[in-house]
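Peer 1:
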Amino acid sequence: MNLPEKKTVHPKSSAYQRIATEEAFAPPEMLNIYKKILEKGDADPGFRGLMGFYMSSPSARAQHIIRCLTDMDTLRIQHMDECGIDKQVLALTSPGVQVMEKADAVAYAQVANDYLADAIRRHPTRFVGMLTVAPQDPQAAAKEIERGVNKLGIHSVVINSHTQGEYLSDPKFWDIFAAAEAHDTPIYLHPNSLPKNMLQPFQECGLDGAIYGFGVETGLHAMRIITAGVFDRFPRLKMIIGHMGEALPYWMYRLDYMHRATVASQRYDSMKPIKKKPSDYLRENFYITNSGVAWEPAIKFAQQVVGVDRVLYAMDYPYQHQVDEVIALDNMTMSAEDKKMFFQTNAETVFKIR
Ligand code: CA
Numbered sequence: 010m011n012l013p014e015k016k017t018v019h020p021k022s023s024a025y026q027r028i029a030t031e032e033a034f035a036p037p038e039m040l041n042i043y044k045k046i047l048e049k050g051d052a053d054p055g056f057r058g059l060m061g062f063y064m065s066s067p068s069a070r071a072q073h074i075i076r077c078l079t080d081m082d083t084l085r086i087q088h089m090d091e092c093g094i095d096k097q098v099l100a101l102t103s104p105g106v107q108v109m110e111k112a113d114a115v116a117y118a119q120v121a122n123d124y125l126a127d128a129i130r131r132h133p134t135r136f137v138g139m140l141t142v143a144p145q146d147p148q149a150a151a152k153e154i155e156r157g158v159n160k161l162g163i164h165s166v167v168i169n170s171h172t173q174g175e176y177l178s179d180p181k182f183w184d185i186f187a188a189a190e191a192h193d194t195p196i197y198l199h200p201n202s203l204p205k206n207m208l209q210p211f212q213e214c215g216l217d218g219a220i221y222g223f224g225v226e227t228g229l230h231a232m233r234i235i236t237a238g239v240f241d242r243f244p245r246l247k248m249i250i251g252h253m254g255e256a257l258p259y260w261m262y263r264l265d266y267m268h269r270a271t272v273a274s275q276r277y278d279s280m281k282p283i284k285k286k287p288s289d290y291l292r293e294n295f296y297i298t299n300s301g302v303a304w305e306p307a308i309k310f311a312q313q314v315v316g317v318d319r320v321l322y323a324m325d326y327p328y329q330h331q332v333d334e335v336i337a338l339d340n341m342t343m344s345a346e347d348k349k350m351f352f353q354t355n356a357e358t359v360f361k362i363r
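To convert a position in the sequence shown, counted from 1, into my numbering, add 9.
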C-alpha cells in the first residue's frame with residue numbers, strides 16, 4: 010500500500026472535538042452533469058463563472074479543489090487529521106442540484122444523498138451530512154427530507170440560496186419549510202453564485218464571489234425569509250447561515266429600526282407586519298457558523314448578540330483549508346465552556362450528532 014505519508018500538523022484537542030460544519034463534496038458524476046450543462050452554451054453566467062472556472066482552470070488551486078471535493082476517503086481524512094478536525098458536516102457543493110432542470114434535480118438529489126450516506130457509513134466517526142433537495146419541486150424536496158431523516162439518518166438540509174433567481178420567501182416553496190419544521194431538520198442557507206440580474210455590477214470588479222457577493226446575496230435571502238413572515242408561519246423552523254451570519258448580526262440594530270419604520274409607512278405591499286423584530290428571528294431561529302472567517306472579534310460579537318449557544322465552528326473545506334486558522338481559533342481568549350460549545354457541542358445539538 011502506497012498511501013501518502015500521514016503527518017499530523019495540529020493534534021486533536023483533549024478539551025473538545027473540532028466539528029467543522031460547512032464542508033463541501035462533489036461526486037464525480039455530478040461534475041459530469043455540470044460539464045454537460047456548461048457545454049450547452051446557455052448556462053447561467055454566475056454558474057459558468059464559478060463551477061466553469063473550477064472545472065476548467067489549469068491553476069493548481071482549481072485542480073486541488075476538484076481533487077478534494079471528489080475524495081470522500083483517504084485524502085479528505087488526511088487533510089482533516091492534518092488540521093486536527095474530528096468531524097466534517099458535509100454538504101453537496103454549491104450550487105448542488107439547483108442549477109439543473111427540475112426532473113434531473115429531483116433525481117440527482119436522491120443519488121447525491123445516497124452517495125453521502127454511503128460515505129458516512131464508511132466513516133461513521135468522521136462524517137456527518139446535510140441532505141440535498143431540489144427546491145425546483147418543493148413537494149419532492151419535502152419527500153426527500155422525510156426519506157433522508159427516516160432512511161438515511163441525516164438530520165439537516167442544505168439549500169444554496171436562490172434557485173435560478175427565485176427565493177424561498179415565495180410561498181410556493183413553503184412545503185419545504187413545513188417538512189423541515191416537522192422533521193426538525195435545520196436548513197443551512199449556503200451561498201450560490203449570483204443570479205443573472207444581480208451579477209454584473211459585482212462581476213465587473215471581481216467582487217461577485219466569496220469575497221463579497223456571496224455574502225450580500227445570501228444575507229438578502231435570509232432577510233427576505235424573515236420579512237416574508239416565514240418564522241411566524243413556521244415558528245420552530247431552524248436555519249443556519251455561514252460566514253459569520255453573512256454580516257447580519259452587525260446589521261441587527263438598523264434592520265430592526267428601519268423594518269419598523271418601513272412597515273409603519275406602508276411603503277411596500279411586500280413588507281407586511283411580522284410578529285417580532287428581525288433581530289428576534291436571527292436570535293431565535295438562526296444558527297451562525299464562522300465558515301471562512303477565522304476572526305476572534307467577529308466570533309465574539311456574534312456570540313454576544315445572538316448567544317454562545319448559536320455560534321458554530323466551520324472551516325469551508327476545501328475552498329478554505331488552513332491549519333493556522335484552527336490554531337488561531339484554539340487560541341481565542343474565551344472560557345473553556347464557551348469554546349467547547351463553539352467547536353463541538355452546539356454542532357452536536359444542531360446536527361443531532363450522537
Ligand atoms: Ca462553503
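Yeah, the Cβ is synthetic: ideal placement off N, Cα and C, and Gly gets one too.
Treat the numbers as computed from the prediction; the structure is a model and nothing was measured.
Between which residues of its own chain and Asn11 is the CB-CB distance below 7 Å, once the five residues before and five after are set aside?
Peer 2: Numbered from 1 along the sequence shown, position 2 holds the residue referred to as residue 11. Here the model assigns Asn11 a pLDDT of 48, short of 50, so the residue's position is not dependable and the matter cannot be decided.
Peer 1: Classify Glu32 as helix, strand or coil using the three-state DSSP reduction.
Peer 2: Working through the sequence shown from its first residue, we reach residue 32 at position 23. It is a strand residue.
Peer 1: With burial defined as no fewer than 16 other Cβ atoms inside 10 Å of the residue's Cβ, what is the status of Glu190: buried or exposed?
Peer 2: Within the sequence shown, residue 190 is the residue found at index 181, counting from 1. When all chains shown are included, Glu190 counts as buried.
Peer 1: Pull up the CB-CB distance for Ala143 and Lys111, whole angstroms please, since I reckon it's below 8 Å.
Peer 2: In the sequence shown, the residue the question calls residue 143 occupies position 134. In the sequence shown, the residue the question calls residue 111 occupies position 102. So it is a contact: roughly 7 Å between Cβ atoms.
Peer 1: Specify the secondary structure class of Thr79 as computed by DSSP and reduced to three states.
Peer 2: Numbered from its first residue, the sequence shown carries residue 79 at position 70. Reduced to three states, the DSSP call for Thr79 is coil.
Peer 1: Based on Cα-Cα distance, which residue from Pro204, Tyr117, Ala100 lies nearest to Val427?
Peer 2: Examination of residue 427 is not possible in this model, given that the chain is present from 10 through 363 alone.
Peer 1: Would you mind reading off the limits of the alpha helix (DSSP H) that contains Leu338?
Peer 2: Within the sequence shown, the letter at position 329 stands for residue 338. It spans 332-339 - the alpha helix (DSSP H) in which Leu338 sits, taken as one unbroken run.
Peer 1: Between Asp113 and Ile185, what straight-line distance do the alpha-carbon atoms span, to the nearest angstrom?
Peer 2: Locating residue 113 in the sequence shown gives position 104, counting from the first residue. Locating residue 185 in the sequence shown gives position 176, counting from the first residue. For Asp113 and Ile185, the distance between alpha carbons rounds to 18 Å.
Peer 1: What do you reckon, are the CB atoms on Ala323 and Asn299 nearer than 8 Å?
Peer 2: On the sequence shown, position 314 is the one that residue 323 refers to. On the sequence shown, position 290 is the one that residue 299 refers to. Closer than 8 Å, so yes.
Peer 1: What do you reckon, is the C-beta of Ala35 under 7 Å from a heavy atom of ligand 1?
Peer 2: One-based indexing of the sequence shown puts residue 35 at position 26. No, the Cβ of Ala35 stays beyond 7 Å of every heavy atom of ligand 1.
Peer 1: Which word fits Tyr296, buried or exposed, when buried means at least 16 other C-beta atoms lie within 10 angstroms of its C-beta?
Peer 2: Counting from 1 along the sequence shown, the entry for residue 296 is found at position 287. It is buried - the Cβ of Tyr296 has at least 16 other Cβ atoms within 10 Å.
Peer 1: From what residue to what residue does the alpha helix (DSSP H) around Asn41 run?
Peer 2: Counting from 1 along the sequence shown, the entry for residue 41 is found at position 32. 37-48 is the extent of the alpha helix (DSSP H) around Asn41.
Peer 1: Quick check: what's the CA-CA separation for Met89 versus Pro282?
Peer 2: Taking the sequence shown and counting its residues from 1, one reaches residue 89 at position 80. Taking the sequence shown and counting its residues from 1, one reaches residue 282 at position 273. Roughly 46 Å separates the two Cα atoms.
Peer 1: Based on the DSSP secondary-structure assignment, which residues constitute the bridge partners of Ile185?
Peer 2: Mapped onto the sequence shown, residue 185 falls at position 176. BP columns for Ile185 are empty, so no partner.
Peer 1: Using a Cβ-Cβ cutoff of less than 8 Å, which residues in the same chain neighbour Ile46 once the five nearest sequence positions on both sides are dropped?
Peer 2: As a working note, residue 46 is residue 37 in the sequence shown. Excluding sequence neighbours, Ile46 sits near Ala52, Phe56, Val108, Met109.
Peer 1: Select from Leu161, Met248, Gly218, Ser288 the residue whose C-alpha is nearest the C-alpha of Met267.
Peer 2: By one-based count along the sequence shown, residue 267 stands at place 258. Nearest option by C-alpha distance: Ser288.
Peer 1: Given Asn169, which residues of its chain have a CB within under 6 Å of its CB, disregarding the five upstream and five downstream residues?
Peer 2: The residue labelled residue 169 in the question sits at position 160 within the sequence shown. These residues qualify, in order along the chain: Ser103, Pro104, Gly105, Gln107, His199, Asn201.
Peer 1: Check whether the Cβ atoms of Thr141 and Ala118 sit closer than 8 Å, and answer yes or no.
Peer 2: Translated into the one-based positions of the sequence shown, residue 141 becomes position 132. Translated into the one-based positions of the sequence shown, residue 118 becomes position 109. For Thr141 and Ala118, yes; Cβs fall inside 8 Å.
Peer 1: If contacts are defined as beta-carbon pairs under 8 Å, then Ala307 and Thr30 qualify, I think. What distance do you get, rounded to the angstrom?
Peer 2: Locating residue 307 in the sequence shown gives position 298, where the first residue counts as 1. Locating residue 30 in the sequence shown gives position 21, where the first residue counts as 1. No, Ala307 and Thr30 are not in contact; Cβ-Cβ is about 16 Å, not under 8 Å.
Peer 1: Ordered along the chain, which non-local residues of its own chain (more than five positions away) have a Cβ less than 6 Å from that of Val317?
Peer 2: For the purposes of this step, residue 317 is taken as the residue at position 308 of the sequence shown. Around Val317: Asp347, Met350.
Peer 1: Excluding sequence positions up to five away, which residues of its chain have a Cβ less than 8 Å from the Cβ of Ala33?
Peer 2: Within the sequence shown, the letter at position 24 stands for residue 33. Counting only Cβ-Cβ distances below 8 Å, and skipping sequence neighbours, we find Leu78, Leu99, Ala100, Leu101, Thr102, Ser103, Asp325, Tyr326, Pro327, Tyr328.
Peer 1: Give me whichever residues DSSP pairs with Ile168 in a beta bridge.
Peer 2: By one-based count along the sequence shown, residue 168 stands at place 159. Paired residues: Leu198.
Peer 1: Name, in chain order, the residues that DSSP records as bridge partners for Ile250.
Peer 2: Reading the sequence shown from its first residue, position 241 is the one you call residue 250. In the DSSP output, where bridge partners are listed per residue, Ile250 has Leu198, Ile297.
Peer 1: Comparing alpha-carbon positions, which option in Ala256, Arg233, Asp146 lies nearest Asp179?
Peer 2: Your numbering for residue 179 matches position 170 in the sequence shown. Closest by alpha carbon: Arg233.
Peer 1: Based on the DSSP secondary-structure assignment, which residues constitute the bridge partners of Gln97?
Peer 2: Here residue 97 is taken as the residue at index 88 of the sequence shown, counted from 1. Answer by DSSP bridge pairing, in chain order: Ala29, Phe136.
Peer 1: Between His199 and ligand 1, is the CB less than 7 Å from at least one heavy atom?
Peer 2: For this step, residue 199 is matched to residue 190 along the sequence shown. Yes, Cβ of His199 sits closer than 7 Å to a heavy atom of ligand 1.
Peer 1: Measuring straight from C-alpha to C-alpha, what distance separates Ser344 and Pro67?
Peer 2: What you label residue 344 is simply residue 335 of the sequence shown in a count that begins at 1. What you label residue 67 is simply residue 58 of the sequence shown in a count that begins at 1. Going by the C-alpha atoms only, they are around 45 Å apart.
Peer 1: Tell me which same chain residues have a C-beta within less than 6 Å of the C-beta of Tyr290, skipping the five on either side of it?
Peer 2: The residue you call residue 290 lines up with position 281 of the sequence shown. Taken in chain order, the residues that qualify are Ile235, Phe240.
Peer 1: Could you give the residue range of the alpha helix (DSSP H) that holds Thr358?
Peer 2: As a working mapping, residue 358 is identified with position 349 in the sequence shown. Looking at the DSSP string, the run of the alpha helix (DSSP H) that includes Thr358 is 355-359.
Peer 1: Check whether chain B comes within 8 Å of Asn299, counting only Cβ atoms and requiring the distance to be less than that.
Peer 2: Chain labels in this structure do not include chain B; a single protein chain is all it has.
Peer 1: Kindly identify the DSSP beta-bridge partner or partners of Glu175.
Peer 2: Along the sequence shown, one-based indexing puts residue 175 at 166. Glu175 is bridged to Thr172.
Peer 1: Compare the Cα-Cα distances from Val302 to each of Ala256, Tyr262, Gln87 and report the closest residue.
Peer 2: The sequence position of residue 302 within the sequence shown is 293, counting from 1. Of the listed residues, the one whose Cα sits closest to Val302 is Ala256.
Peer 1: Tell me which residues share the same chain as Ser165 and place their Cβ nearer than 6 Å to its Cβ, disregarding the 5 neighbours each side in the sequence.
Peer 2: Looking up residue 165 in the sequence shown gives position 156. If we look at Ser165 and ignore the five residues flanking it on each side, its Cβ neighbours are Met139, Thr194, Pro195, Phe360.
Peer 1: Under three-state DSSP, which class holds Met10?
Peer 2: As a working note, residue 10 is residue 1 in the sequence shown. Bear in mind that a pLDDT of 43 at Met10, under 50, signals an unreliable position, so the number given afterwards is only what the model happens to contain. DSSP places Met10 in coil when its eight states are reduced to three.
Peer 1: What first and last residue would you give for the alpha helix (DSSP H) that runs through Tyr259?
Peer 2: Residue numbering aside, residue 259 sits at position 250 when the sequence shown is read from its first letter. From DSSP, the alpha helix (DSSP H) with Tyr259 extends over 257-274.
Peer 1: Between Gln26 and Asp95, which are expected to be in contact by the criterion C-beta below 8 Å, what is the C-beta distance as a whole number of angstroms?
Peer 2: Working through the sequence shown from its first residue, we reach residue 26 at position 17. Working through the sequence shown from its first residue, we reach residue 95 at position 86. At roughly 4 Å, the Cβ-Cβ gap stays under 8 Å, so Gln26 and Asp95 are in contact.
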